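What follows is one structure encoded as structure tokens, with my remarks underneath.
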Amino acid sequence: MFDDTLTRAISQRQLDRILTKPINLATAECVDVYRREIADLCDKGAVDVVIVARPDDLEDDVPNTKSATAAKDEASTKVDTTRVDFHDLLKASSLSCGVPLQVMRSTTWDPDRVTAKSRSRRSRSIQDEATRAWNLHTALYYKAGGVPWRVQRQTTDLDSLYVGVSFFHTADRAEVHTSVAQVFDERGEGVVVRGGPAARHKEDRQPHLSRPDAEDLLGTALDIYEREHQHFPARVVLHKTSQFDDEELTGFEAAIDQRHIRQLDLLWIVDASEGVRLFRNGDHPVLRGTFATVKKDRHILYTRGSVDLYRVYPGMYIPTPLGIRPAVAEQSIESLAEEILSLSKMNWNQSQLDGRLPITLSASRKVARILKNLQDQEPAASRYAMYM
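Basically our numbering = 1-based index in the sequence shown + 237.
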């Protein structure tokens with residue numbers, strides 16, 4: 238049972254009037270209406286998670302064919318800024334409330350609830366009841382402060398901090414990117430750190446941080462860890478979506494040296510197969526967890542593939558491996574690959590426990606889509622649950 242004082246109803250007549258306007262304006266006005274109600278609930282101080290039933294007839298999620306095609310040709314860290322998205326804008330505008338949101342479609346609890354407008358759109362596949370229940374309640378549990386599962390560790394393992402550094406376009410689509418670090422400790426608790434601007438290098442056309450910005454980004458992540466745990470980790474593992482240059486290496490190493498951390502592993506995770514695919518006898522793809530060295534400092538890892546427990550490959554397409562290119566590696570490459578495999582199971586927003594990317598990087602697009610709606614001077618929430 239829910240206390241009626243902790244619920245808010247949005248007038249359908251009000252929404253109907255808003256929905257007659259152009260889509261970007263309608264989306265922004267819907268967000269404003271919802272945001273005011275959310276702020277009022279949060280002010281009561283007794284809310285762990287706000288569940289939001291988004292407007293059924295708001296068509297902000299209709300794909301833009303041109304934008305969708307362009308997105309496929311761009312790097313996975315780029316964000317489409319050609320349209321306003323209700324989910325992303327609402328979460329961005331509600332970050333200051335300090336309470337996570339769970340945005341839901343009515344078809345999540347009632348698959349038969351299809352409006353006239355939604356029938357005319359491209360059909361959206363609806364998961365089975367068990368999968369919907371798992372996804373919803375696991376996400377709510379994490380957003381309310383629980384940790385559904387964590388990385389398995391040996392008693393001899395060092396306390397480790399996992400950091401993912403990725404980049405996204407600013408809202409004006411200028412050739413300047415903003416860095417964002419996804420920080421996860423061994424318990425699976427996530428923190429978001431927004432860093433400074435990054436620029437593309439002419440040599441490799443990839444975004445890179447300056448030495449001071451690299452030092453500040455990792456240093457901030459470590460200081461947040463220290464405030465939470467009352468000590469620094471013994472080891473830092475940093476995943477990045479672009480190649481490490483000399484300035485970044487110097488900056489990251491300076492950050493851990495200042496805090497007397499001895500072990501640092503820096504890995505460039507390539508969302509591509511390094512031009513290599515493996516095959517095995519029979520009808521099924523290679524096993525998840527298959528690892529191979531292509532050549533010196535270039536390795537591949539299948540984070541998706543056949544799973545013995547399922548006795549089948551739980552996917553629709555032929556899996557491709559990730560590329561792993563270590564810049565600094567104090568652990569064995571096999572141990573580092575095993576950690577990546579474990580971190581790929583840390584997505585608490587789905588029941589399928591074989592994500593392609595480790596959580597350090599898979600969260601980056603979700604966070605970037607929301608952060609692009611913030612002005613530079615607006616503070617970003619540090620808790621990952623606010624973006625999930």
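Even for Gly, the Cβ is constructed at its ideal location relative to N, Cα and C. Computed from a prediction, not measured in an experiment: that's the story for all the values here.
DSSP state of GLN249 mapped onto helix, strand, coil: Residue state, collapsed to three classes: helix.
Proximity to ALA207 [Cα-Cα], best of ASP325, ALA458, VAL268 and ARG562: Nothing can be reported for residue 207: it is not among the residues displayed for the chain, which extend from 238 to 625.
Three CB pairs or more closer than 8 angstroms across the region 464-472 and the region 392-403: As far as the Cβ criterion goes, the region 464-472 touches the region 392-403, which means the pair count is three or higher.
In chain order, each beta strand (DSSP E) run of at least 3 residues that lies wholly inside the region 517-588: Correct list: 528-532, 535-538 and 559-565.
Coil, strand or helix - VAL268 by DSSP: In this structure, DSSP gives VAL268 a helical state, which the three-state scheme calls helix.
Cross-strand partners of PHE421 (DSSP beta bridge): Paired residues: TYR399 and GLY427.
Proximity below 7 angstroms, CB of ASN610 to CB of ALA283: Contact flag unset, no.
From ARG499, SER572, ILE498 and LYS533, residue whose alpha carbon lies closest to that of THR527: The option with the nearest alpha carbon to THR527 is SER572.
With 16 other Cβ atoms within 10 Å as the buried cut-off, status of PHE405: Counting Cβ neighbours within 10 Å, PHE405 comes out buried, since at least 16 surround it.
Where the alpha helix (DSSP H) through ARG464 begins and ends: Counting along the chain, the alpha helix (DSSP H) containing ARG464 begins and ends at 448-466.
Cβ-based neighbour list, ASP520, same chain, cut-off 8 angstroms, excluding 5 preceding and 5 following: The beta carbon of ASP520 lies closer than 8 angstroms to none in the same chain, with the five residues before and after it left out.
Euclidean distance between Cα positions of ALA574 and ARG525: Using only the alpha carbons, I get a separation of about 12 angstroms.
Which of helix, strand or coil DSSP assigns to PHE481: In this structure, DSSP gives PHE481 a state outside helix and strand, which the three-state scheme calls coil.
Backbone secondary structure at LEU256 - three-state DSSP: Here LEU256 carries a coil assignment [DSSP, helix/strand/coil].
Nearest to ILE461 (by Cα), restricted to the options ALA436, THR478, LYS477 and VAL430: Comparing Cα positions, the closest option is VAL430.
The region 446-456 / the region 485-496 touching (three or more Cβ pairs under 8 angstroms): The region 485-496 and the region 446-456 touch, with three or more beta-carbon pairs separated by less than 8 angstroms.
Where THR257 falls, given that 16 or more other Cβ within 10 Å makes a residue buried: Taking all protein chains in view, the Cβ of THR257 is surrounded by fewer than 16 other Cβ atoms within 10 Å, so the residue is classified as exposed.
Proximity test, VAL420 beta-carbon vs the ligand GDP heavy atom, cut-off 6 angstroms: For the ligand GDP, the structure offers nothing, since it holds no ligand at all.
Counted within 10 angstroms of its Cβ, other Cβ atoms place MET623 as buried (16 or more) or exposed: Counting Cβ neighbours within 10 Å, MET623 comes out buried, since at least 16 surround it.
One or two residues paired with PHE626 in a DSSP bridge: Only positions 238 to 625 of the chain appear in the structure, and residue 626 is not among them; the question remains open.
Segment limits, alpha helix (DSSP H) that includes VAL340: Unbroken run through VAL340 is the beta strand (DSSP E), 338-341; no alpha helix (DSSP H).
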